[in-house]
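Here's the structure we're looking at; comments come further down.
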Amino acid sequence: MTVVFGLWEVGWDFALLPLWFYGYAVLVGFVSSLGQNMQKLERPNWPFGGRAVLLGTGMSLPPMSLLFGRMLLSGDAFNPLLLLFFFILWTLFAVIYGVLAVYPRTKKWV
1 MTVVFGLWEV GWDFALLPLW FYGYAVLVGF VSSLGQNMQK LERPNWPFGG
51 RAVLLGTGMS LPPMSLLFGR MLLSGDAFNP LLLLFFFILW TLFAVIYGVL
101 AVYPRTKKWV
């Protein structure tokens, strides 16, 4: 999927994609599997905050690595303000994903 987004960014021409981007696509696949493994580490007896951070980070790694690849390809990753915004957005996604994933499992129905 990273390569598809990269091709879309450069006008669907394989020659315009830099060689390092294919390596980045493999790295995104590795990071996505790492995120999936992080989600499997979650245990019900852990505190709410720890579970939310672990699940949220695991769920936010794949989409945020795709966004960062687009930023690298367009050159936006070298702008400090956009990089700061990216990490704030990543943190926000992780917190929202984590709380939404953990809360229904801990809510006690009366």
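Just so you know, the sequence shown maps onto residues 1 to 110 in my numbering. All C-beta atoms, glycine included, are put in the ideal place defined by N, C-alpha and C.
### Task
Could you say if the segment 30-37 and the segment 45-52 meet the contact criterion of at least three C-beta pairs nearer than 8 Å?
Touching, no, given that fewer than three Cβ pairs across the two stretches are closer than 8 Å.
### Query
Are F93 and F68 closer than 8 Å when you measure CB to CB?
The sequence position of residue 93 within the sequence shown is 93, counting from 1. The sequence position of residue 68 within the sequence shown is 68, counting from 1. Judged by their CB atoms, F93 and F68 are not nearer to each other than the 8 Å cut-off.
### Query
On the three-state DSSP scale, how would you describe M59?
As a first step, residue 59 is located in the sequence shown; it is residue number 59 there, counting from the start. Three-state DSSP puts M59 in a helix.
#### Entry: Euclidean distance between Cα positions of A77 and I88
In the sequence shown, residue 77 corresponds to position 77, counting from 1. In the sequence shown, residue 88 corresponds to position 88, counting from 1. Looking at the two C-alpha atoms, the distance is approximately 14 Å.
### Query
Would you report the Cα separation of V3 and Y22, rounded to the nearest angstrom?
Within the sequence shown, residue 3 is the residue found at index 3, counting from 1. Within the sequence shown, residue 22 is the residue found at index 22, counting from 1. Spanning the alpha carbons of V3 and Y22 requires a straight line of approximately 7 Å.
#### Entry: Coarse secondary structure for V53, derived from DSSP in three states
As a working mapping, residue 53 is identified with position 53 in the sequence shown. Residue state, collapsed to three classes: helix.
### Task
For L61, collect the residues of the same chain with a Cβ closer than 8 Å to its Cβ; drop the 5 residues on either side in sequence, then sort them by chain order.
Working through the sequence shown from its first residue, we reach residue 61 at position 61. So the qualifying residues of the chain are V31, S32, L34, G35 and M38.
### Message
Give me the residue from D13, M59, N45 and K40 with the minimum Cα distance to G98.
### Response
For the purposes of this step, residue 98 is taken as residue 98 along the sequence shown, with counting starting at 1. Of the listed residues, the one whose Cα sits closest to G98 is M59.
### Message
Taking only three categories from DSSP, how would you classify W90?
### Response
As a working mapping, residue 90 is identified with position 90 in the sequence shown. If DSSP states are grouped into helix, strand and coil, W90 belongs with the helices.
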